[in-house]
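Worksheet: the structure to be examined is printed underneath.
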Amino acid sequence: MSGNDELRTLLNKQLLAAARQQGNVDELLSNPQHRDPEDANNFMFDINCTDVLGNTPLHLAVSSGSIENVNLLIESEAGCDVDPQNFQGDTPLHLAVQIQDTEIRRGIVEALVDAGADASYVLSVAISDIAEFDRAPQY
């Protein structure tokens with residue numbers, strides 16, 4: 001493995017860890033040393049890298065409930081994919097609608113949808129919830 005490959009692997013692991021633990025994603029994204037020395041328009045890391053479960057940094061930032069890191073990732077010049085599926089078939093939006101805190105859930109869902117995430121899943125969940133409510137006994 002070349003030095004650049006080792007650095008890419010290390011930076012990918014650091015990005016996954018920062019997103020998972022509400023760490024400093026901004027430091028990784030803004031550090032000029034993390035740019036490709038042969039092409040300054042590209043990064044040395046892969047913003048869409050995955051962990052052993054197929055989760056990208058965006059999946060992990062959503063799961064950690066960090067609105068700030070979600071926004072940093074989707075607004076990054078590194079080309080963050082807003083609709084990747086992990087090995088369970090979940091996109092970041094699938095994970096976002098499961099967040100218990102209403103304010104955090106709303107902020108992350110809005111950020112993902114505004115960034116172009118496929119909202120058909122959210123609509124199907126909302127329709128299902130409405131149908132379930134309509135079937136509930138009325139007292």
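Under UniProt numbering, think of the first position of the sequence shown as 1, with each following residue one higher.
Using N, Cα and C, we set each Cβ at its ideal position, and we do this for glycine too.
The model shown is predicted, which means the values in this text are computed figures rather than measured ones.
State the start and end residues of the unbroken beta strand (DSSP E) segment that holds residue i.
{"i": "Ala40", "result": "39-43"}
Can you tell which of the options has the C-alpha that lies nearest to the C-alpha of residue i?
{"i": "Thr50", "options": "Leu16, Ala111, Thr102", "result": "Leu16"}
{"i": "His59", "options": "Asn42, Gln85, Phe45, Ser76", "result": "Gln85"}
{"i": "Gly79", "options": "Met44, Gln22, Gln21", "result": "Met44"}
{"i": "Ser76", "options": "His34, Ile47, Gly54", "result": "Ile47"}
{"i": "Pro57", "options": "Gly23, Val97, Ile99", "result": "Gly23"}
{"i": "Pro37", "options": "Asn12, Leu112, Gly54, Leu7", "result": "Leu7"}
{"i": "Gln21", "options": "Ala119, Val70, Glu103", "result": "Val70"}
Since I believe residue j is in contact with residue i (beta carbons under 8 Å), could you give me their beta-carbon distance rounded to a whole number of angstroms?
{"i": "Val109", "j": "Leu72", "result": "With a Cβ gap of about 17 Å, Val109 and Leu72 do not count as contacting."}
CB residue i to CB residue j, shorter than 8 Å?
{"i": "Pro92", "j": "Val52", "result": "no"}
{"i": "Ala117", "j": "Asp83", "result": "yes"}
{"i": "Ile67", "j": "Gly3", "result": "no"}
{"i": "Leu29", "j": "Gln14", "result": "no"}
{"i": "Gly65", "j": "Asp101", "result": "yes"}
In the DSSP assignment, find the unbroken alpha helix (DSSP H) run with residue i in it and report its ends.
{"i": "Ser30", "result": "25-30"}
{"i": "Asn4", "result": "3-20"}
{"i": "His59", "result": "57-64"}
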